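S.K.: Counting in the working numbering, the sequence shown runs from 8 upward without gaps.
Using N, Cα and C, we set each Cβ at its ideal position, and we do this for glycine too.
In this text the structure is predicted, and so the values were computed from the model without any measurement.
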Amino acid sequence: MSKKMKDFYGSVSLTASVGFIVRAKNKEKAENIVFDDIEGMELILKDGTTLEVSEINWDLISNSRNGNVSQPNISDFEIYEED
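Printed below as a string of structure tokens:
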């Protein structure tokens, strides 16, 4: 006899470094896409199912804080044009 699946709700904080490739007409447009046009993300679980992200409150970091306290996976924003 299988048990009925239940929904569970919660939140988690996340610090990450995300690599990306973006196609744009120039560097300024590419930066705008990264900082202004991201709507959300999808998380794939180990079993292949998708975690439904209902709300994301985030700020992308353009410059990391200077000082003697470091935070993992936080660095200055970098973007380069491919030759």
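(1) Out of Glu46, Glu62, Arg30 and Gln78, which has the shortest C-alpha to C-alpha gap to glutamate 86?
(2) Helix, strand or coil for isoleucine 51 per DSSP?
(3) Could you name the residues of the same chain whose beta carbon sits closer than 8 Å to that of threonine 57, not counting the 5 residues immediately before and after it, in chain order?
(4) Spatial neighbours of proline 79 within its chain, please: CB distance less than 7 Å, with the 5 preceding and 5 following residues excluded, ordered by chain position.
(5) Go to glutamate 35, then tell me how far its alpha helix (DSSP H) extends in each direction, as first and last residue.
(6) Does DSSP classify threonine 57 as helix, strand or coil?
M.R.: A quick look at the data gives this:
(1) What sits at residue 86 in the sequence shown is isoleucine, not glutamate. That would be Arg30, whose Cα lies nearest to the Cα of isoleucine 86.
(2) Note: isoleucine 51 maps to strand in three-state DSSP.
(3) Within the same chain, threonine 57 has close Cβ partners Glu49, Leu50 and Ile51.
(4) These residues qualify, in order along the chain: Thr22.
(5) Per DSSP, glutamate 35 belongs to the alpha helix (DSSP H) from 34–43.
(6) Threonine 57: strand per DSSP, three-state reduction.
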